[in-house]
Structures are given as C-alpha cells and as structure tokens.
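Note that the numbering used here has the sequence shown beginning at 14, numbered continuously upward.
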Amino acid sequence: MSVENHVDHWGTSPGDPVSAALAAIDTALGELLAMDPAYWRTSQKKDVLVRLQHLKAQQAALELRVLATSGDIAEETGDKDASAWMRADLLVDKGVARSQIKLAAAVSKHELLAAGLADGVVSASKARVITKALDAIEANPVASAEDLLLAEKLLVDYATRLTANELRIVGRRILVEIDPARFEDAEAKALLAEEERAQQKTALRIWDNHDGTIGFDGVLPVALGMRFKTQVEAWAQPRKQQLVEKGSPLPPWERLMGQGFARMLETIEPDALPRHGGRRDHHQRGHLARRPPQGARHRNPRVRRGQRDHDQRHRGPQDGLQRHDHPLGPRRRRPSPRRRSIQSLLPADPAQGTPVAAEVLPGRWM
C-alpha cells in the first residue's frame, strides 16, 4: 500500500512525511556546510564530531531498514535483489550493494543490534562485526538460543566501549565468557586450527628489482611476525636516536625499518648458517668464511647427498685430504692444447733437449 498523495483537491491532506523529513535534513546540513569550522570553538568541534558519529549510525540504521524491505524494487527491475538497481541508479558497485543487502538482512534478525544502530551507539562497521560473530555462534552446534541472545547483548554493550577491530577479537571468544566450562575446549581446538592455518599460509617471495635493490613480501604466523617486528624495531631505534641527538630530520619510518632489517642481517654469522650442499654454499657464507670440518654432516637428511657430493669433489688423491692440503702441494695447471702444439713443433737442441725458441724467449713458451 502506497502512502503517496499525488492529488490534493482540497488542500487539506498532509504532504509526504518521508519527503518532508528528508528535506529538513537536507536544509539542516546545508546550513552547517555554509559555516566555516575554522571559526568554531574547540568544544563546538568536539560536539559536532560526536553528534555526527551518532547521526551516521542512525543514517546507516535507516538505510539498512530500507534495504531489508527492498524486495519490491527487485520485483520492479526483475532481479533477485536491489543490487542491480543500486548499480544503475546509485552507481554503487554490485559487490558492495549485495554486501549492504546481506548486512541489512542479518541486522533485521537481531532486535538488540537493530535498536543499537537506531540509537546511534553502534556504527555500521561494528554492526557488520557483530553479525559475523552471531552467525558463527548460530552455526555452532554446542551453542543454544539463550547463548545467542546473551552473546548479542554482550556484543552490543561492548560496542559502546571498543573499536571494530577490538570487537572482532572479543567476538571470537564471546562464548568462553558466557560459559567457560562448556566452550573452553572448543576454543582451544579453534586456536590450534588457527595456528595450523597460519603455518600453511606462511610464505616468502624474493625478487630482484634490477636497480640495486631486492624486493620481498611474505606472510608469517602472528607469534613469529610480532617477534620479527620487535627485533627489527630494536635495530632501527639506535639510528633514530643518533639522528635525534644530531638534530637531523628523521627519515620515514619505513626507511628506518629497512635499515634496521639490514643491520640485523649483518649480525648473522656465516658459520652459523646450515649447509645445503653444492658450490653455492661457500658463496653464501662469504669468500672469507672458514670451511667446516671434513667429516661434518648436516642434521637434515635431505641435504646429506648434496654435501657428500660436495666433499667428494674437493677430496685430493689421498683419502680425507683437500687438494690444497695435499703433501705434494697444489696441483699444477695443465698447459692449454695450443701451448702444447706450439712446443711440439719447435726444433729441439740436441745438447739441452729443449726447444731452441725456449732459450731465446723463455717467458713466452714456459
């Protein structure tokens, strides 16, 4: 049933209340935009930001209510939802529009959350976090309807004191707060599964930029990543303190972190690196690195074969001796085929038994 009044023959029927309310909002915003905030007092600026935050939450609540009942728009356009109309008329990406419609359907199922949005105490981003947490609880076979209702009440209360990211962390463990005896084991299993997924996602990619720099990116588990961040920050701070003492301007924090990471790598001893076999092993350790003992073997069985081949290539005529450690001295360099062919063609001196040209030019052929 439509509430629109297209014809007012006697001039007594009220106008459209929705259009009148939107016009009042438009007028009030226009008056505020006509002012210059530079001349406002500090208390006025704080009050404006606080009230605008509440108004944005209420605006999101109204928008979600309209989207939750937008089935008639979909029927009019012949689509399964109103996302196609939002894409055509409002120029909203279809993925964003469908996400909004999905959020509207989820909020409409939870009265406390919808009331928090309407009161302006829960923002749209926090409402999205709460709905995801409640959907996970609803899919949990151990949780009951009472647990779901109590979790909704706690999350809405936490939304008035926490940010969206903090609320997301609390939402993962909200069942443990409700009943630790029942959900502690499930929480432990969930944490173990999360750690296993983090280990499977661990990756590192390194590439050459061909401009004197190396680029890399990767993914680490939370524990290792935070440890890595702490160590790099520790190596970056001394240079920052030196620049502060000298009175020099500080470079960007990203550059300080990169320099700290480079310093941390320089402290790694080449001899402490695991051997992986092959000739590149010595290049990785540095040209001046000391060669490990001959009988040393790496604990990793996957590199034993490469290390054995590496040791056999460097053995001398006697077993267990390197070529440069052989008692007969280092092996002499064999002359090139061209040098041997020229010496064989020179006439020999009968008295000396050496080529004649060798006496005249000893440095050329010897």
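Note that CB positions come from ideal geometry on N, CA and C, so glycine has one too. Nothing here was measured: the structure is a model prediction, and the numbers come from that model.
- Message: Check for me: the alpha helix (DSSP H) holding alanine 37 runs from which residue to which?
- Response: First-last of the alpha helix (DSSP H) with alanine 37: 30 to 46.
- Message: Taking the straight line between their C-alpha atoms, what separation do you get for arginine 181 and glutamate 76?
- Response: So the alpha carbons of these two residues sit roughly 23 Å apart.
- For alanine 118, which residues from the same chain have a beta carbon less than 7 Å from its beta carbon, with the 5 sequence-adjacent residues on both sides left out? So the qualifying residues of the chain are Ala81.
- Classification of arginine 351 by the beta-carbon crowding that lies within 10 angstroms, buried from 16 upward: With a pLDDT of 46 at arginine 351, under the threshold of 50, the modelled position of that residue is not reliable, and the figure given next carries that caveat. Exposed is the call here.
- Item | Distance between glutamine 66 and glutamate 190 (C-alpha atoms, nearest Å) | As the crow flies, the alpha-carbon of glutamate 190 is around 29 Å from that of glutamine 66.
- Would you call the region 106 to 114 and the region 167 to 182 in contact, with 3 or more CB pairs under 8 Å? The region 106 to 114 vs the region 167 to 182: no contact.
- Outcome for glutamate 208 when other beta-carbon atoms lying within 10 angstroms are tallied against a minimum of 16: Glutamate 208 is exposed by the Cβ-count criterion.
- For valine 31, which residues of its own chain have a beta-carbon under 6 Å away from its beta-carbon, when the five flanking residues on both sides are left out? Closer than 6 Å at the Cβ level, and outside the excluded window around valine 31, lies no residue.
- Does DSSP put glycine 225 in a helix, in a strand, or in coil? Note: glycine 225 maps to coil in three-state DSSP.
- Meets three-Cβ-pair contact criterion under 8 Å: the region 81 to 93 and the region 149 to 158: By the Cβ test, the region 81 to 93 is not in contact with the region 149 to 158, since fewer than three Cβ pairs between them sit closer than 8 Å.
- Query: When DSSP builds the beta bridges, which residues end up paired with alanine 216?
  - Reply: Partner(s): Val232.
- Excluding the five sequence neighbours on either side, which residues of its own chain have a C-beta within less than 7 Å of the C-beta of glutamate 200, listed in chain order? Once the five neighbours on either side are set aside, the close Cβ partners of glutamate 200 are Arg186, Val189.
- Query: Which residues in the same chain have their Cβ closer than 7 Å to the Cβ of aspartate 11, if we skip the five residues on either side of it in sequence?
  - Reply: There is no way to answer for residue 11, as the model of the chain reaches only from 14 to 379.
- Query: Where does valine 134 fall in DSSP's three states?
  - Reply: Looking at valine 134 - three-state DSSP - the assignment turns out to be coil, as it is neither helix nor strand.
- What number of angstroms, rounded off, separates the C-alpha of leucine 334 from the C-alpha of glutamate 246? For leucine 334, the predicted model reports a pLDDT of 44, less than 50, meaning its position is unreliable; a value from the coordinates is still stated below. When the Cα atoms are used, leucine 334 and glutamate 246 turn out to be separated by approximately 46 Å.
- Query: With C-beta atoms as the reference, is glutamine 71 less than 8 Å away from glycine 133?
  - Reply: Going by C-beta atoms, glutamine 71 is nearer than 8 Å to glycine 133.
- Query: For proline 251, which three-state DSSP category applies?
  - Reply: Proline 251 falls in the helix class under three-state DSSP.
- Message: With H, G and I counted as helix, E and B as strand and the rest as coil, what does DSSP make of histidine 5?
- Response: Not covered by the structure: residue 5. The range shown for the chain is 14 to 379.
- Task: Grab the span of the alpha helix (DSSP H) containing serine 261 for me, first residue to last.
- Result: Counting along the chain, serine 261 falls outside any alpha helix (DSSP H), and DSSP gives it neither H nor E.
- Can you tell me the Cα-Cα spacing of aspartate 60 and tryptophan 53, whole angstroms? Distance between the alpha carbons of aspartate 60 and tryptophan 53: 11 Å.
- Query: When you compare only the Cα positions, how much space is there between leucine 125 and lysine 58?
  - Reply: The alpha-carbon atoms of leucine 125 and lysine 58 are separated by roughly 31 Å.
- Query: Secondary structure at aspartate 185, three-state DSSP: helix, strand or coil?
  - Reply: Rather than aspartate, the amino acid found at residue 185 in this sequence is arginine. Helix at arginine 185.
- Is the CB-CB distance between histidine 123 and leucine 147 below 8 Å? Yes, the pair counts as a contact, with Cβ atoms nearer than the cut-off.
- Message: At the level of alpha carbons, what is the spacing between aspartate 284 and arginine 276?
- Response: One Cα belongs to aspartate 284, the other to arginine 276, and the distance between them is close to 18 Å.
- Message: Tell me which residue opens and which closes the alpha helix (DSSP H) that alanine 70 is part of.
- Response: Looking at the DSSP string, the run of the alpha helix (DSSP H) that includes alanine 70 is 55 to 81.
- Chain-order list of residues whose beta-carbon lies under 6 Å from that of alanine 194 (same chain, five-residue window excluded): No residues qualify anywhere along the chain.
- Message: Taking 8 Å as the limit between beta carbons, can you name the residues of its chain near threonine 144, skipping five residues before and five after?
- Response: Excluding residues within five positions, the ones whose Cβ falls inside 8 Å are Leu116, Ala119, Val120, His123, Leu126.
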